[in-house]
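Here is the structure we will look at, set down as structure tokens.
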């Protein structure tokens with residue numbers, strides 16, 4: 633609440649309904665994206681039994697950039713810019729969800745070994761998407777490449793209002809499905825054998841949780857663009873602050889921390905420092921440092 637008040641009121645010269653409306657729209661986008669990325673990352677890390685991997689590291693952001701580059705390559709820069717915003721958002725969300733679920737369905741099987749194989753292949757697929765994206769970008773004209781370049785970093789300044797409301801509704805629906813699964817998620821964190829022994833339908837719950845993760849990441853990425861290491865940063869902070877295994881506390885904490893990071897960061901950038909730089913660049917810098925620290929710490933151990 634303090635972060636939202638800071639974002640809405642700091643630097644406001646006088647009461648202006650128009651300015652407050654614009655700020656409220658951007659605030660909603662920041663909260664939705666932060667909550668979706670934070671919650672999905674905690675769920676995914678629990679399912680994967682790995683505190684380092686996140687959905688975006690597995691290639692979701694690379695898939696988004698490949699879709700954007702492919703659309704510009706096929707239709708051209710002007711035709712791509714003329715595409716209706718809401719249908720394009722729905723198409724991108726659907727493509728990323730389908731790609732994620734196809735990957736999960738092909739690689740998911742019984743046992744932890746299949747889950748680890750799925751994660752490894754996901755990382756390799758992410759590298760493949762990046763390579764294809766770079767190849768297509770080299771074939772574009774400079775003017776068309778500038779259109780693609782605008783989608784390479786997350787932007788909260790030009791979010792379509794209809795798309796924002798649609799994304800908010802989809803995220804609320806997914807969160808409503810996720811809430812009843814938080815307590816079984818505590819048991820799933822123990823592994824397949826203990827979870828089955830305690831009466832949890834492991835395979836069915838795992839597919840549902842992976843579908844929830846795919847939906848949240850797809851909606852947030854299609855709405856504003858990729859933020860690669862935000863989820864890792866948020867999940868690490870949530871585990872460090874809460875110090876509990878209960879996902880009924882961890883998931884809401886991660887959602888709130890993600891929203892606070894984006895709201896405060898964007899507010900400081902715009903209101904206090906007067907900068908126009910993308911907040912995603914700073915988030916990815918610190919998130920990348922955290923990723924290296926976690927990897928090196930694991931190697932030392």
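Numbering (this note's numbering), first residue to last: 633 to 933.
Glycine residues also receive a C-beta, built at the ideal position from the N, C-alpha and C atoms.
Predicted, not measured: the structure shown is a model, and the values here were computed from it.
Under DSSP, the alpha helix (DSSP H) around residue i begins and ends at which residues?
i	result
residue 776	774 to 782
residue 880	879 to 899
residue 658	649 to 680
residue 634	634 to 641
residue 849	834 to 856
residue 819	814 to 820
residue 711	709 to 713
residue 861	That residue, residue 861, is in no alpha helix (DSSP H); it is neither H nor E in DSSP.
residue 686	That residue, residue 686, is in no alpha helix (DSSP H); it is neither H nor E in DSSP.
residue 801	793 to 810
residue 790	Careful: residue 790 lies outside any alpha helix (DSSP H) and carries neither H nor E.
residue 829	824 to 829
Whole angstroms is fine: what's the gap from residue i's alpha carbon to residue j's?
i	j	result
residue 821	residue 730	25 Å
residue 815	residue 879	7 Å
residue 765	residue 759	10 Å
residue 761	residue 648	45 Å
residue 743	residue 802	Confidence at residue 743 is low in this model, with a pLDDT of 47, below 50, so its placement is unreliable and the value that follows should be read with caution. Computed Cα separation, rounded: 31 Å.
residue 847	residue 664	13 Å
residue 768	residue 702	7 Å
residue 773	residue 635	42 Å
residue 854	residue 693	9 Å
residue 828	residue 819	9 Å
residue 645	residue 705	45 Å
residue 917	residue 859	11 Å
residue 666	residue 804	13 Å
residue 722	residue 716	10 Å
residue 775	residue 708	10 Å
residue 940	residue 650	Because the chain in this structure spans residues 633 to 933, residue 940 falls outside the shown range and cannot be described.
residue 873	residue 787	28 Å
residue 794	residue 656	14 Å
Taking all protein chains shown into account, do 16 or more other C-beta atoms lie within 10 angstroms of the C-beta of residue i, making it buried, or fewer, making it exposed?
i	result
residue 899	buried
residue 884	buried
residue 845	buried
residue 833	exposed
residue 933	Caution is warranted here: a pLDDT of 43 is assigned to residue 933, below 50, making its placement in the model unreliable, and the coordinate value is therefore given only provisionally. Per the 10 Å Cβ criterion, exposed.
residue 670	buried
residue 700	buried
residue 745	A caution first: residue 745 carries a pLDDT of 47, below 50, which makes its placement in the model unreliable, though a value can still be read off. Under this definition residue 745 is an exposed residue.
residue 756	exposed
residue 770	exposed
residue 695	buried
residue 686	buried
Write down the C-beta distance between residue i and residue j rounded to the nearest angstrom, noting that I regard them as a contact closer than 8 Å.
i	j	result
residue 850	residue 690	Actually they do not touch by this definition, with Cβ atoms about 13 Å apart.
residue 897	residue 914	7 Å
residue 718	residue 798	7 Å
Flag residue i as yes when its Cβ comes closer than 8 Å to any non-hydrogen atom of the ligand ATP, and as no otherwise.
i	result
residue 833	The ligand ATP is absent from the structure shown, which contains no ligand whatsoever.
Indicate whether the contact test is met: 3 or more Cβ pairs, each with one atom in the region 825 to 841 and one in the region 649 to 668, closer than 8 Å.
No, because fewer than three Cβ pairs between the region 825 to 841 and the region 649 to 668 fall closer than 8 Å, the two stretches do not touch.
Is the region 668 to 684 touching the region 859 to 868 in the sense that three or more CB pairs, one from each, lie closer than 8 Å?
The region 859 to 868 is in contact with the region 668 to 684.
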